[in-house]
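Engineer: Starting off with a structure, shown below.
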Amino acid sequence: MEVATDQLQSISAFASVPIAQLQWFITNAKLAKKKKGDFLFKKGDAIEDLILILQGKIEIKIEQNGHYKTIDILENQDISGVLPFSRLSSALGFGEVIEDTKALMLHKSYFKEMIAEHYELTEVFVHHMTTRVREFTKSNVQAEKMMALGKLSAGLAHELNNPASAMLRSAKALKQHLSHVPEKFKKIISIQASEDTINTINDILFANINNKPENNMKLMERNEKEDELEEWLEDHGVDNAYELTETLLDFCMDIDKMEEIYNAGNTAHFPQTIEWIENVLTTEKMVGEIEEASNRITALIQSIKSYTHMDRAPEKTKEDVHKGIKSTLTMLNHKLKQKNITVVENFEEDLPAVEIFVSEINQVWTNLIDNAIDAMAKNGTLEIKTAKENSHIMIQIIDDGPGIAEENISKIFDPFFTTKAIGEGTGMGLEVVHRIIKQHQGTINVTSEPGETIFTICLPN
Numbered sequence: 001m002e003v004a005t006d007q008l009q010s011i012s013a014f015a016s017v018p019i020a021q022l023q024w025f026i027t028n029a030k031l032a033k034k035k036k037g038d039f040l041f042k043k044g045d046a047i048e049d050l051i052l053i054l055q056g057k058i059e060i061k062i063e064q065n066g067h068y069k070t071i072d073i074l075e076n077q078d079i080s081g082v083l084p085f086s087r088l089s090s091a092l093g094f095g096e097v098i099e100d101t102k103a104l105m106l107h108k109s110y111f112k113e114m115i116a117e118h119y120e121l122t123e124v125f126v127h128h129m130t131t132r133v134r135e136f137t138k139s140n141v142q143a144e145k146m147m148a149l150g151k152l153s154a155g156l157a158h159e160l161n162n163p164a165s166a167m168l169r170s171a172k173a174l175k176q177h178l179s180h181v182p183e184k185f186k187k188i189i190s191i192q193a194s195e196d197t198i199n200t201i202n203d204i205l206f207a208n209i210n211n212k213p214e215n216n217m218k219l220m221e222r223n224e225k226e227d228e229l230e231e232w233l234e235d236h237g238v239d240n241a242y243e244l245t246e247t248l249l250d251f252c253m254d255i256d257k258m259e260e261i262y263n264a265g266n267t268a269h270f271p272q273t274i275e276w277i278e279n280v281l282t283t284e285k286m287v288g289e290i291e292e293a294s295n296r297i298t299a300l301i302q303s304i305k306s307y308t309h310m311d312r313a314p315e316k317t318k319e320d321v322h323k324g325i326k327s328t329l330t331m332l333n334h335k336l337k338q339k340n341i342t343v344v345e346n347f348e349e350d351l352p353a354v355e356i357f358v359s360e361i362n363q364v365w366t367n368l369i370d371n372a373i374d375a376m377a378k379n380g381t382l383e384i385k386t387a388k389e390n391s392h393i394m395i396q397i398i399d400d401g402p403g404i405a406e407e408n409i410s411k412i413f414d415p416f417f418t419t420k421a422i423g424e425g426t427g428m429g430l431e432v433v434h435r436i437i438k439q440h441q442g443t444i445n446v447t448s449e450p451g452e453t454i455f456t457i458c459l460p461n
């Protein structure tokens, strides 16, 4: 025998295990020797041995769509394989030897004897199993959260960039526009207009600013209106009419309004008056664009706060699930726009609030909606339904993608199962969803056929 009890005693985990128990382990285990490039196990292999690495290194990796991802490295003194009370039955990945390895392997048929007669030795392996489960869950949930955060960060950067860029463009344009105001002011100040004329023009101007009508003209109709207005202004002495018509029509200042202004005062000063009006409207338009972009950024920040629940304690609170779903749609809006996906919200009015951990439930909506978007082709439809059913509320997320293959339906909530490429999914997204729903004493089910996949979540009311 190449392994002695003192070699095991030098391993911190076995320091308090009686020598007789260590000898029993050595006697009943087999010594396996593997060369670099060998596999200790492959995906799908039955796992029937407890493994103690004495020397070497083994790379644990999983396969996703033909690509491999390393999830752990086993080294000297590491424990792996099946453990007492473990439900592990087959390998989820591959164990490739990357340095020549020696390992003690104890077949699970000895576990009953070990549990009955060797308490301290059993305790070592049970403690290791609980630690492995805890660390495994923590690291993979964290990986899934980081991947979700990465997706949301990319989306938010895109969503925030649009209004921020719009603000910058409008601010620059406004600055340039205001630089011409002093010269235009000289023209308008030279006009000798009566108080009645000034009041009439101001009433027309500010009525259109304060009660800006909806401008729903189609492109061809708009072009015709601009041509007509330009021709009318030129006929009434406005030399640069082509520069003014776009802004005037944005505020529905059409020929009828022009005639009111023309008839309100000295017609000789009409060109200067219209230039000044267009100047005021341009300023109003640019300030409005900046305000609209600022409101969009504020709304996005509110959605982020709502989504992350960043201003609340991490505890269950009574919440309207609609709020979290809408925040999630805002977070993923960039992906929806990229594929031109239509979102249909069939929300039941007066849906009761439910007690939830908000950030965790929002992660459920994120994973399910993000998966649905990935599954759908361009111009698809995503439908979200909510309803009250007895003592539960029901949420359904329905996509019109190709569906989930029949052989995969039973596996989708399994850890590491994914049909996505490496780097696009950890295989933990739906496992996390399943765990969060169970944490809330709820249920999740899926039905799928080509053209319709439905995830149904029920949460206790």
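So for the sequence shown, UniProt numbering puts the first residue at 1; every next one is plus one.
Glycine residues also receive a C-beta, built at the ideal position from the N, C-alpha and C atoms.
Confirm, please, whether the CB-CB distance from K218 to L249 is below 8 Å.
Structural biologist: Position 249 of the sequence shown, counting from 1, holds the residue named residue 249. Position 218 of the sequence shown, counting from 1, holds the residue named residue 218. No, the Cβ-Cβ distance between L249 and K218 is not below 8 Å.
Engineer: Taking a contact to mean a Cβ-Cβ separation below 8 Å, would you say E345 touches I384 in this structure?
Structural biologist: The count along the sequence shown starts at 1 and reaches residue 345 at position 345. The count along the sequence shown starts at 1 and reaches residue 384 at position 384. The answer is yes: Cβ separation under 8 Å.
Engineer: On the DSSP bridge list, what partners appear for I398?
Structural biologist: Walking along the sequence shown from the start, residue 398 turns up at place 398. E383 and I454.
Engineer: Using CA atoms only, rank isn't needed, just tell me which of P18, T330 and T453 is closest to N408.
Structural biologist: What you label residue 408 is simply residue 408 of the sequence shown in a count that begins at 1. Out of P18, T330 and T453, T453 has the C-alpha closest to the C-alpha of N408.
Engineer: Which residue marks the beginning of the beta strand (DSSP E) containing L74, and which one marks its end?
Structural biologist: Here residue 74 refers to the residue found at position 74 when the sequence shown is read from its first residue. Where L74 is concerned, the enclosing beta strand (DSSP E) stretches over H67 to L74.
Engineer: Is the segment 257-271 in contact with the segment 279-288, if contact means three or more CB pairs nearer than 8 Å?
Structural biologist: No, they do not touch.
Engineer: Determine, using beta-carbon pairs with one atom in the segment 87-101 and one in the segment 35-46, whether at least three such pairs fall under 8 Å.
Structural biologist: Yes, since at least three Cβ pairs between the segment 87-101 and the segment 35-46 fall closer than 8 Å, the two stretches touch.
Engineer: Contact defined as beta carbons within less than 8 Å: I believe G403 pairs with E449. What is the distance between those atoms, to the nearest angstrom?
Structural biologist: In the sequence shown, counting from the first residue as 1, residue 403 sits at position 403. In the sequence shown, counting from the first residue as 1, residue 449 sits at position 449. Indeed, because the Cβ distance is near 5 Å, the residues count as touching under 8 Å.
Engineer: Going by beta-carbon coordinates alone, are I209 and F251 separated by less than 8 Å?
Structural biologist: Reading the sequence shown from its first residue, position 209 is the one you call residue 209. Reading the sequence shown from its first residue, position 251 is the one you call residue 251. Against a cut-off of 8 Å, the Cβ pair of F251 and I209 comes out as a contact.
Engineer: Looking only at its chain, what residues have a beta carbon closer than 6 Å to the beta carbon of I274, apart from the 5 residues adjacent to it on each side?
Structural biologist: Taking the sequence shown and counting its residues from 1, one reaches residue 274 at position 274. If we look at I274 and ignore the five residues flanking it on each side, its Cβ neighbours are V238.
Engineer: Is it buried or exposed, P460, if we count other Cβ atoms within 10 angstroms and call 16 or more buried?
Structural biologist: Numbered from its first residue, the sequence shown carries residue 460 at position 460. So P460 ends up on the exposed side.
Engineer: Evaluate contact between the segment 326-344 and the segment 354-373, counting only Cβ atoms and requiring at least three cross-stretch pairs below 8 Å.
Structural biologist: With the cut-off at 8 Å, the segment 326-344 and the segment 354-373 touch.
Engineer: Can you tell me whether L178 is buried or exposed? The criterion is at least 16 other CB atoms within 10 Å of its CB, across all chains shown.
Structural biologist: As a position in the sequence shown, residue 178 is number 178, starting the count at 1. Exposed: under 16 other Cβ atoms inside 10 Å.
Engineer: Count the other C-beta atoms from every protein chain shown that fall within 10 angstroms of the C-beta of P163, then say buried if there are 16 or more, exposed otherwise.
Structural biologist: Your numbering for residue 163 matches position 163 in the sequence shown. Result: buried.
Engineer: Check whether the Cβ atoms of V364 and I437 sit closer than 8 Å, and answer yes or no.
Structural biologist: Residue numbering aside, residue 364 sits at position 364 when the sequence shown is read from its first letter. Residue numbering aside, residue 437 sits at position 437 when the sequence shown is read from its first letter. Taking 8 Å as the Cβ cut-off, V364 and I437 qualify as a contacting pair.
Engineer: Per DSSP, which one or two residues make a beta bridge with S90?
Structural biologist: Locating residue 90 in the sequence shown gives position 90, counting from the first residue. Answer by DSSP bridge pairing, in chain order: A46.
Engineer: Measuring alpha carbon to alpha carbon, tell me which residue in A377, N28 and R296 is nearest A166.
Structural biologist: As a first step, residue 166 is located in the sequence shown; it is residue number 166 there, counting from the start. The option with the nearest alpha carbon to A166 is R296.
Engineer: Run the CB neighbour count on G66, radius 10 Å, all protein chains shown included, and call it buried at 16 or more, exposed below.
Structural biologist: Taking the first residue of the sequence shown as position 1, residue 66 is located at position 66. By the 10 Å Cβ count, G66 comes out exposed.
Engineer: With contact counted as at least three CB pairs below 8 Å, one residue from each stretch, are the segment 107-115 and the segment 33-40 in contact?
Structural biologist: In short, these stretches do not touch, since the Cβ pair count stays below three.
Engineer: Give me the Cβ distance between L229 and D254, rounded to the nearest whole Å; I'm assuming they're in contact under 8 Å.
Structural biologist: For the purposes of this step, residue 229 is taken as the residue at position 229 of the sequence shown. For the purposes of this step, residue 254 is taken as the residue at position 254 of the sequence shown. Indeed they touch by this definition, with Cβ atoms about 7 Å apart.
Engineer: Are the beta-carbon atoms of P84 and T122 separated by less than 8 Å?
Structural biologist: The residue labelled residue 84 in the question sits at position 84 within the sequence shown. The residue labelled residue 122 in the question sits at position 122 within the sequence shown. The answer is yes: Cβ separation under 8 Å.
Engineer: Could I get the ranges of all uninterrupted alpha helix (DSSP H) runs contained in the segment 319-389, with 4 residues as the minimum, in chain order?
Structural biologist: Segments of the alpha helix (DSSP H) lying fully in the segment 319-389: 321-331, 333-338 and 358-375.
Engineer: Using 8 Å as the cut-off, can you tell me whether the segment 45-57 makes contact with the segment 69-81, which would need three or more C-beta pairs spanning the two stretches below that distance?
Structural biologist: The segment 45-57 is in contact with the segment 69-81.
Engineer: What are the start and end residues of each continuous beta strand (DSSP E) run of 3 or more residues lying completely inside the segment 214-246, in chain order?
Structural biologist: Listed in chain order, there is nothing to give.
Engineer: According to DSSP, is D254 helix, strand or coil?
Structural biologist: Working through the sequence shown from its first residue, we reach residue 254 at position 254. D254 falls in the coil class under three-state DSSP.
Engineer: Since P460 sits in a beta bridge, which residues does DSSP pair it with?
Structural biologist: Here residue 460 corresponds to residue number 460 of the sequence shown, with the count starting at 1. The partner list for P460 (beta bridge, DSSP) reads H392.
Engineer: Less than 8 Å between the C-beta atoms of Q7 and E120, yes or no?
Structural biologist: As a working note, residue 7 is residue 7 in the sequence shown. As a working note, residue 120 is residue 120 in the sequence shown. Taking 8 Å as the Cβ cut-off, Q7 and E120 do not qualify as a contacting pair.
Engineer: Looking at C-alpha atoms only, which residue of G380, V124 and E48 is the closest neighbour of F14?
Structural biologist: The residue you call residue 14 lines up with position 14 of the sequence shown. Closest option to F14, Cα to Cα, is V124.
Engineer: Measuring alpha carbon to alpha carbon, tell me which residue in V321, I58, A353 and A377 is nearest N340.
Structural biologist: As a working note, residue 340 is residue 340 in the sequence shown. With distances taken between Cα atoms, N340 lies closest to A377.
Engineer: Please state the DSSP three-state secondary structure of Q192.
Structural biologist: As a working note, residue 192 is residue 192 in the sequence shown. In this structure, Q192 counts as coil in the three-state DSSP scheme.
Engineer: What is the rounded straight-line gap between the Cα of I98 and the Cα of I58?
Structural biologist: Your numbering for residue 98 matches position 98 in the sequence shown. Your numbering for residue 58 matches position 58 in the sequence shown. So the two alpha carbons sit approximately 6 Å from each other.
Engineer: Determine the direct distance from the alpha carbon of H118 to that of I11, and round the result to whole angstroms.
Structural biologist: Numbered from its first residue, the sequence shown carries residue 11 at position 11. Numbered from its first residue, the sequence shown carries residue 118 at position 118. Rounded to whole angstroms, I11 to H118 spans 18 Å at the Cα level.
Engineer: Does the distance between the C-beta of G237 and the nearest non-hydrogen atom of the ligand GDP fall short of 7 Å?
Structural biologist: The ligand GDP is absent from the structure shown, which contains no ligands of any kind.
Engineer: I393 to P352, Cα distance in whole Å?
Structural biologist: Walking along the sequence shown from the start, residue 393 turns up at place 393. Walking along the sequence shown from the start, residue 352 turns up at place 352. Distance between the alpha carbons of I393 and P352 is about 8 Å.
Engineer: Does the Cβ-Cβ distance between Y358 and E319 come in under 8 Å?
Structural biologist: Counting from 1 along the sequence shown, the entry for residue 358 is found at position 358. Counting from 1 along the sequence shown, the entry for residue 319 is found at position 319. Rather than Tyr, the amino acid found at residue 358 in this sequence is Val. Yes, the pair counts as a contact, with Cβ atoms nearer than the cut-off.
Engineer: Would you say D399 and A375 are within 8 Å of each other, going by their C-beta atoms?
Structural biologist: On the sequence shown, residue 399 is found 399 positions in, with the first residue counted as 1. On the sequence shown, residue 375 is found 375 positions in, with the first residue counted as 1. Contact flag set, yes.
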